[in-house]
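Residue numbers (my numbering), protein chains in the order written: chain A, 115 to 469; chain B, 666 to 902. Using N, Cα and C, we set each Cβ at its ideal position, and we do this for glycine too. Just below is one structure, and these are the notes that go with it.
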């Protein structure tokens with residue numbers, strides 16, 4: 115509980131809650147705090163707090179540490195931004211590096227690093243930007259383990275806007291891609307609450323950022339219009355030929371599927387997969403699990419694979435065939451040539467797929 | 666052929682027969698592992714550096730077969746094997762380390778993921794067994810490409826040590842590529858299991874000039890017979 119001074123007493127100063135009083139001449143001026151007064155969303159407030167926390171941290175480092183940042187800014191202080199060549203000061207370099215480091219999950223860096231590795235632009239093949247998908251494909255993977263793919267986005271609320279890179283907010287930082295795919299759909303929904311609308315404009319800022327240095331320099335800044343086809347190749351969205359745990363009913367009367375990761379690759383047709391099964395009945399030559407609909411890349415195909423028993427006789431090798439039916443039946447069938455001992459097994463590897 | 670000169674388990678150089686394309690690689694060969702090496706004991710997985718110009722830097726999951734030095738039956742299992750950061754990685758299992766030096770056989774395909782597009786069907790080729798008194802397929806699939814073959818087969822009739830002895834035995838085939846020379850592990854579990862058994866009974870066979878030849882070790886009981894099988898990719902030529 116706070117004791118608020120009454121305005122009836124005209125000789126006081128200090129703060130209470132969001133109200134600050136100060137004496138100016140013979141007058142007392144009351145003001146409310148203006149920090150983050152223009153914030154529109156909680157993420158904006160979070161970003162601004164992160165920024166101001168880092169600014170405060172600069173005032174707490176030692177003079178020697180400060181000199182280290184001064185020296186670093188002298189060497190790396192000039193860089194090219196969308197607004198031309200920019201000179202960066204030591205405090206700004208400290209704040210920038212640590213703000214981006216924090217967004218990449220790294221702790222605050224008080225000592226200046228020996229070098230500042232600049233961010234670099236992202237090379238990718240295509241981008242789906244529609245109400246259901248925000249997906250980059252064939253993103254060039256970084257070989258540097260310190261690099262993360264750093265992405266900021268912002269929906270544009272006015273159709274006339276075509277350049278407003280400083281309006282984007284942090285969306286995602288990921289160290290790897292999913293075989294070249296970077297799916298931003300979930301992160302966007304979590305950040306902005308509503309899906310994209312056809313015709314809407316979106317700003318995307320992204321770069322490969324060295325998370326140790328946090329030095330954002332070269333970036334992709336692009337404004338896109340949301341549409342039903344991909345941005346570069348004009349292709350309708352086409353999913354990868356995958357089956358995962360989300361697409362199956364893992365528990366049936368006879369078997370529980372504890373892991374399912376299956377994908378088709380071309381040439382003619384290969385599967386690479388990793389599947390873990392727990393049988394609830396020993397005496398079965400085959401059993402099924404249903405799936406809830408797969409892409410049209412699947413029709414009726416089977417692969418013949420090695421399996422490794424993980425119960426009874428550990429590591430026993432068995433032959434298993436996996437048949438995926440996606441026409442009349444919507445099921446995945448596991449078949450064996452013997453009844454022998456298997457309560458739990460895993461099958462994995464790369465094999466041809468036959469129709 | 667590619668040579669893998671360095672590894673993290675104290676092993677020597679390894680030479681593998683290879684087929685390479687950007688989305689598919691086939692490797693054939695054998696790696697010898699000494700479990701008494703300090704480097705092996707410190708390793709959490711086995712890593713062999715691929716040549717710098719190897720086309721595939723990363724692959725989806727594939728397989729290798731561990732063939733132990735366990736007495737008579739050479740028990741072993743299937744291992745996870747994949748390519749990561751231009752390194753051939755193999756799962757490390759210590760279940761048979763007490764039996765000394767063991768072998769890892771790689772006769773596998775490595776592919777990449779992330780493909781969007783259409784697929785064509787896998788073309789198969791028919792094979793005929795010429796000595797059907799000894800061998801009969803339960804089911805098989807044979808794919809013959811210009812550069813490699815894939816062959817998976819299970820059997821309803823297959824030599825059984827108890828009734829047919831050590832061999833050698835030859836699976837005589839009509840239609841199998843004559844330019845494939847590869848040594849493969851055969852999974853010959855038999856119908857009964859040894860007390861405390863870990864893994865499967867294995868023997869090694871060689872495809873040469875279109876036929877598969879193998880034998881069983883002396884002193885075995887209940888090895889081979891129906892439900893024996895193999896599954897491999899092999900580079901031609």
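Next on the checklist: Only counting the same chain, and skipping five residues up and downstream in sequence, which positions put a Cβ closer than 6 Å to that of residue 449 of chain A?
Outcome noted: 400 and 435
Item to check | Sequence ranges, beta strand (DSSP E) only - wholly within the region 798 to 877 of chain B, length at least 3 | outcome: 801 to 809, 813 to 822, 834 to 839, 847 to 852 and 867 to 873
Checklist entry - So with Cβ pairs under 7 Å, would you call residue 834 of chain B a contact of chain A? => result no
Checklist entry - Looking only at C-alpha atoms, which of A/366, A/229, A/332 and A/310 sits nearest to residue 198 of chain A? => result A/332
Item to check | Contacts that residue 894 of chain B makes with chain A (C-beta to C-beta distance below 7 Å) | outcome: 433
Next on the checklist: Using only CA atoms, which one of A/316, A/292 and A/312 lies nearest to residue 302 of chain A?
Outcome noted: A/316
Item to check | Residues that residue 788 of chain B contacts on chain A, provided the C-beta gap is smaller than 9 Å | outcome: 382
Checklist entry - With distances taken between CB atoms, is the gap from residue 777 of chain B to residue 803 of chain B smaller than 7 Å? => result no
Checklist entry - Would the beta-carbon of residue 774 of chain B be found less than 6 Å away from any heavy atom of the ligand SAM? => result This structure lacks the ligand SAM; in fact it carries no ligand of any kind.
Item to check | Whole-number beta carbon distance between residue 755 of chain B and residue 710 of chain B, since they are thought to touch under 8 Å | outcome: 7 Å
Checklist entry - What residues in the region 762 to 794 of chain B bring their beta carbon closer than 8 Å to a beta carbon of chain A? => result 773, 774, 775, 776, 777, 778, 779, 780, 781, 782, 783, 784, 785, 786, 787, 788 and 789
Next on the checklist: Rounding to the nearest angstrom, what Cα-Cα distance links residue 187 of chain A and residue 214 of chain A in this structure?
Outcome noted: 16 Å
Checklist entry - Can the beta-carbon of residue 762 of chain B be found closer than 7 Å to that of residue 700 of chain B? => result yes
Item to check | Reference residue 170 of chain A; option with closest CA among A/183, A/181 and A/205 | outcome: A/205
Next on the checklist: So, with DSSP's three-state summary, where would you put residue 386 of chain A?
Outcome noted: strand
Checklist entry - Which residues in chain B sit within 7 Å of residue 260 of chain A, going by Cβ to Cβ distance? => result By Cβ distance, chain B contributes nothing, its closest Cβ being about 14 Å from residue 260 of chain A, past 7 Å.
Checklist entry - Do you know how far the Cα of residue 321 of chain A is from the Cα of residue 148 of chain A? => result Residue placement at residue 148 of chain A is flagged as unreliable, the pLDDT there being 48, under the threshold of 50; the coordinate-derived value follows with that caveat. In a straight line, the C-alpha of residue 148 of chain A is about 33 Å away from that of residue 321 of chain A.
Item to check | Cβ-Cβ separation, residue 780 of chain B to residue 354 of chain A (assumed contact under 8 Å), whole Å | outcome: 7 Å
Item to check | Check whether residue 864 of chain B and residue 740 of chain B have beta carbons under 7 Å apart | outcome: yes
Item to check | CB of residue 368 of chain A within 7 Å of CB of residue 391 of chain A, strictly | outcome: no
Next on the checklist: On the DSSP letters alone, give me the boundaries of the alpha helix (DSSP H) that residue 190 of chain A sits inside.
Outcome noted: 177 to 190
Item to check | Interface residues of the region 287 to 318 of chain A facing chain B [CB-CB below 9 Å] | outcome: 291, 292, 293, 294 and 295
Checklist entry - What did DSSP end up calling residue 786 of chain B once you bin it into helix, strand or coil? => result coil
Checklist entry - What is the rounded straight-line gap between the Cα of residue 668 of chain B and the Cα of residue 203 of chain A? => result 52 Å
Item to check | Contact set between residue 436 of chain A and chain B, taken where Cβ atoms lie within less than 8 Å | outcome: Chain B residues near residue 436 of chain A: none, gap ~12 Å exceeds 8 Å.
Checklist entry - Straight-line CA distance for residue 263 of chain A to residue 866 of chain B? => result 48 Å
Item to check | Cβ neighbours of residue 840 of chain B in the same chain (closer than 7 Å, five flanking residues each side left out) | outcome: 790, 791, 792 and 793
Checklist entry - Hey, is residue 684 of chain B's beta-carbon within less than 7 Å of any beta-carbon in chain A? => result no
Next on the checklist: Could you tell me the alpha carbon to alpha carbon distance between residue 682 of chain B and residue 375 of chain A, rounded to whole angstroms?
Outcome noted: 29 Å
Checklist entry - Taking Cβ to Cβ, would you say residue 728 of chain B is nearer than 7 Å to residue 420 of chain A? => result yes
Checklist entry - Taking buried to mean at least 16 other C-beta atoms within 10 Å of its own C-beta, is residue 406 of chain A buried or exposed? => result exposed
Item to check | Cβ of residue 343 of chain A within 7 Å of any chain B Cβ | outcome: no
Checklist entry - Is it buried or exposed for residue 786 of chain B, if we count other Cβ within 10 angstroms and need 16 for buried? => result exposed
Next on the checklist: Does residue 356 of chain A pass the burial test, meaning 16 or more other C-beta atoms within 10 Å, or should it be called exposed?
Outcome noted: buried
Item to check | Amino acids of chain B, ordered along the chain, whose beta-carbon sits closer than 7 Å to that of residue 467 of chain A | outcome: 787
Checklist entry - What do you get for residue 745 of chain B, buried or exposed, if any count of 16 or more other CB atoms within 10 angstroms of its CB means buried? => result buried
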